[in-house]
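Colleague: In terms of the working numbering, the sequence shown is residues 31 to 659. C-beta: ideal position from N, C-alpha, C; glycine also. Note that the structure is a prediction, hence the values are computed from the model and not measured. Pasting a structure below so you can have a look.
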Amino acid sequence: MQHLLKTLRSRDFWLRQFLPFALAIAAAFIARYQLEVSDGVTPDYLAGQWPLYAPLNAFTAFCITLLLFALCGRWWLSTGISGVLFTVLAIANYYTRDLHGTALMPQDVLNITTAAAVMGSYTLRITSTVKTIALCLVPVAAIAAVQRWLSGPKKGKIGWPRRLGRWAGCAAGIFAILYVGYFAPFSIKPKQTYGWAWQTTYYTYGYLAGTIESAGLLMNPIVEPDYYSDEAAAEAAARAADYTPAVQTVSEQEYPDVVLILSESLYDFDLVTDTGADQDVLSVIKNTPNSIYGHTVSPHVGGGTNSSEYEMLTSNSMMLMPSITPFNWLNLYNANSIVSYLEDLGYATLAAHPYTNSNYRRNSAWLNLGFDEVYFQDSFPTKETYGNRPYQTDSATYRDFETLYEAMPADQPRFTFLVSIQSHGDYNMNDAELDLVHAATDYGEYDDLMDEYLSCIYLTDQAFGELTEYFTNLYEETGRKVIVALAGDHAPSFVTHVSDASVAPENDLQILQRSTPYVIWANYPLENAGETSANDPYNRIDMCMLAPVLAEQAGLPLTPYYSYMLAMREDVTVFTAGNDFMDASGVTHTYGENAAMDEWVHGYFALEYNNIGTHAHRNQALFTVPESK
């Protein structure tokens, strides 16, 4: 006791031990601020993180400093290194959020090869936010300098007892922070907070707190709904047992070929701003005769192609998988998808992409999904590009794709899936004189990007016209029926910077930013052609709803899963858009606000979890066409 009192009275203790320790904590609070700023957290959310979650995130950052101190025994060095690490992390998170639409999460480590492949095409702009993050390193450096001065001259070697004591103390501190903060029975942060939007967790509880939960979800990436049971899934399917398709089911001999296209960065800026462009960039897609036009709601803004791809192919919502990139993480062998559905109906299947097969592990993922044939850039020999942009044009892609399509078995109906690449960002690769479209509205630093982007979409639109002409000629010459569905995977990353806030309330504006065009067209008379309006911005469905809609319009027999989703569409058209649902009239509702909508959505997620959930006993009959059909 006397020794403790002597230590507490010691000026050396307070100046050379306690004060450097306290300054290290202060630096951790700066790191917390850098990360929240990089996430775009609003002042209201920043204030709301006090008094619990702001300190929790700061002390979580301090754990890194403690770890470094355990290794080197120098507060100034530990503070300096952790300061640099958090600055780099914050800047990386800022650009990830800006270009991808979501925070930098642990899962993104698995996407490092994909990120490296595409980052070369982007120009990273030094914005005011980036400058703020970088300038925060100045006070951290000052803190490290003060710590260095307080530590005085370097002492001799530290003995093993003191070294072990330092390690034990740091380990105890790290354990206490993480246990009390996250893992105790009554932890500071609730253990499960992921819901309808990643922002809810990251903005409410802080970046590091959200990241720790995200890392935990990687161990069991599929969230089990509280209300789930195998019986609940069966009961949900029974609710739609009497669903009558909008199109009469055709005979097996009349099955049309099915073409599904995920179009890179296809977006309609008319939803969020008046560009005043000198060309109508979507005149073909919006006005193609014998077609259905609308919008699909993408899981992300500015990136996340694989999430859109997964939802399109499987009809499984990413809402139960908030922390993963599906192709990189999920075992897709024997998964239910439009691939397995059409193969059960006798279709030959093919998937193609005019770029590398390493992105999102598409090569293995597509084969695991059951595609008979998969093709990548070596099978697209035309190599036509737009100006200085490195990506093959959609026109050339479609011409090469037609060759692959024609080589498929002629005695089977064909299903082809194509992921394009032409309009991938960034949008400052061409000189201005190569722009085909020019916006009249002043978008400041985004002017040049807007013109090049609109030019890319204009080419996408024209190429779709070429594709429909090809299939029209095919029908006239051979009578082979083909139905085509095309949808954009996500808006370009700068959509959030040029959107007109007066267009819609904030939540609705976020839905508009995630609403990409889709069109369903056939080279034979389409029963519901022209049913939807290109002028109705709220005519939209979820990305995972597109496959059931396409199957219905093709006149194919439906699985109970597809039937449920189509029945739900009569009341709930969008159910994965942030924190909102959208009813058939285009009105958005907050989850929990409308009991009837909640019941539909609960049923859908029960079915989805039965399909892919770790603790579910899959009822395969819910995901295959009944024999009677």
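For Tyr-235, name the three-state secondary structure that DSSP assigns.
Modeller: If you number the sequence shown from 1, residue 235 lands on position 205. Residue state, collapsed to three classes: helix.
Colleague: Compare the Cα-Cα distances from Thr-654 to each of Lys-219, Phe-99, Val-176 and Ser-367 and report the closest residue.
Modeller: Within the sequence shown, the letter at position 624 stands for residue 654. Per the Cα distances, Ser-367.
Colleague: Using DSSP with H/G/I as helix, E/B as strand and the rest coil, what is Leu-516?
Modeller: Locating residue 516 in the sequence shown gives position 486, where the first residue counts as 1. In this structure, Leu-516 counts as strand in the three-state DSSP scheme.
Colleague: Could you tell me if Gly-195 is buried or exposed, where buried requires 16 or more neighbouring beta carbons within 10 angstroms of its beta carbon?
Modeller: Counting from one through the sequence shown, the residue named residue 195 turns up at place 165. Exposed, since its Cβ has fewer than 16 Cβ neighbours within 10 Å.
Colleague: Let's test the definition: count the other Cβ atoms within 10 Å of the Cβ of Trp-80 and tell me whether it reaches 16, buried, or not, exposed.
Modeller: Working through the sequence shown from its first residue, we reach residue 80 at position 50. Exposed, because fewer than 16 other Cβ atoms sit within 10 Å of the Cβ of Trp-80.
Colleague: Within 10 Å of its beta-carbon, does Gly-334 have 16 or more other beta-carbons around it, so buried, or fewer, so exposed?
Modeller: Here residue 334 refers to the residue found at position 304 of the sequence shown. Result: buried.
Colleague: Counting only runs of 4+ residues fully inside the stretch 421-497, write out the alpha helix (DSSP H) ranges in chain order.
Modeller: DSSP runs (the alpha helix (DSSP H)) wholly in the stretch 421-497: 424-436.
Colleague: By a C-beta neighbour count over all protein chains shown, 10 Å radius and 16 as the cutoff for buried, is Gly-113 buried or exposed?
Modeller: Locating residue 113 in the sequence shown gives position 83, where the first residue counts as 1. Looking at its Cβ environment, which holds 16 or more other Cβ atoms inside 10 Å, Gly-113 is buried.
Colleague: I'd like the list of long-range same chain contacts for Ile-207, defined as Cβ closer than 6 Å, with 5 residues on each side in sequence excluded.
Modeller: Here residue 207 refers to the residue found at position 177 when the sequence shown is read from its first residue. Cβ neighbours of Ile-207 beyond the five flanking positions: Phe-89 and Cys-93.
Colleague: Look at the alpha carbon of Asp-256 and the alpha carbon of Ala-517, and state the distance between them as a whole number of angstroms.
Modeller: The count along the sequence shown starts at 1 and reaches residue 256 at position 226. The count along the sequence shown starts at 1 and reaches residue 517 at position 487. Going by the C-alpha atoms only, they are around 33 Å apart.
Colleague: Measure the Cβ-Cβ separation of Asp-530 and Thr-303 and say whether it is below 8 Å.
Modeller: Residue mapping note: residue 530 aligns to position 500 of the sequence shown, counting from 1. Residue mapping note: residue 303 aligns to position 273 of the sequence shown, counting from 1. Going by C-beta atoms, Asp-530 is nearer than 8 Å to Thr-303.
Colleague: Leaving out the 5 sequence neighbours to the left and right, which residues in its chain are closer than 6 Å to Arg-62 when beta-carbon positions are compared?
Modeller: Numbered from its first residue, the sequence shown carries residue 62 at position 32. Asn-87, Ala-88 and Ala-91, listed in sequence order.
Colleague: With 16 as the cutoff for other CB atoms within 10 Å, does Leu-45 come out buried or exposed?
Modeller: By 1-based counting over the sequence shown, the position of residue 45 is 15. Exposed, since its Cβ has fewer than 16 Cβ neighbours within 10 Å.
Colleague: Quick check on Pro-50: does DSSP put it in helix, strand or coil?
Modeller: In the sequence shown, residue 50 corresponds to position 20, counting from 1. Helix, per DSSP.
Colleague: Spatial neighbours of Thr-234 within its chain, please: C-beta separation below 8 Å, excluding the five flanking residues on both sides.
Modeller: Your numbering for residue 234 matches position 204 in the sequence shown. Tyr-75, Gly-78, Gln-79, Tyr-83 and Thr-223.
Colleague: Assign Pro-191 to one of three DSSP states: helix, strand, or coil.
Modeller: As a working note, residue 191 is residue 161 in the sequence shown. Reduced to three states, the DSSP call for Pro-191 is helix.
Colleague: Reducing DSSP to helix, strand and coil, say where Met-17 ends up.
Modeller: Residue 17 lies beyond the range of the chain shown here (31 to 659); nothing can be said about it.
Colleague: Would you kindly report the start and end of the unbroken alpha helix (DSSP H) that includes Pro-169?
Modeller: Within the sequence shown, residue 169 is the residue found at index 139, counting from 1. Taken as a continuous stretch (DSSP letters only), the alpha helix (DSSP H) holding Pro-169 covers 167-181.
Colleague: Would Glu-341 be called buried (16 or more neighbouring beta carbons within 10 Å of its own) or exposed?
Modeller: Here residue 341 corresponds to residue number 311 of the sequence shown, with the count starting at 1. It counts as buried.
Colleague: Compute the beta-carbon to beta-carbon distance between Leu-97 and Ile-173, rounded to the nearest angstrom, for a pair I have assumed lies under 8 Å.
Modeller: Taking the sequence shown and counting its residues from 1, the one referred to as residue 97 is at position 67. Taking the sequence shown and counting its residues from 1, the one referred to as residue 173 is at position 143. Rounded, the Cβ-Cβ distance is 18 Å, inconsistent with contact.
Colleague: Measuring CB to CB, does Ile-242 end up less than 8 Å from Tyr-212?
Modeller: Counting from 1 along the sequence shown, the entry for residue 242 is found at position 212. Counting from 1 along the sequence shown, the entry for residue 212 is found at position 182. Yes, the Cβ-Cβ distance between Ile-242 and Tyr-212 is below 8 Å.
Colleague: Assign Ser-295 to one of three DSSP states: helix, strand, or coil.
Modeller: The residue you call residue 295 lines up with position 265 of the sequence shown. DSSP places Ser-295 in coil when its eight states are reduced to three.
Colleague: Which of helix, strand or coil does DSSP assign to His-527?
Modeller: Walking along the sequence shown from the start, residue 527 turns up at place 497. Of the three classes helix, strand and coil, the one that applies to His-527 here is helix, per DSSP.
Colleague: Can we say the stretch 288-296 touches the stretch 512-526, given the rule of at least three CB pairs closer than 8 Å?
Modeller: As far as the Cβ criterion goes, the stretch 288-296 touches the stretch 512-526, which means the pair count is three or higher.
Colleague: Taking Ile-451 and Gln-422 to be in contact with their CB atoms under 8 Å, please state how far apart those CB atoms are, rounded to whole angstroms.
Modeller: Looking up residue 451 in the sequence shown gives position 421. Looking up residue 422 in the sequence shown gives position 392. With 8 Å as the limit, Ile-451 and Gln-422 qualify as a contact, their Cβ atoms being about 6 Å apart.
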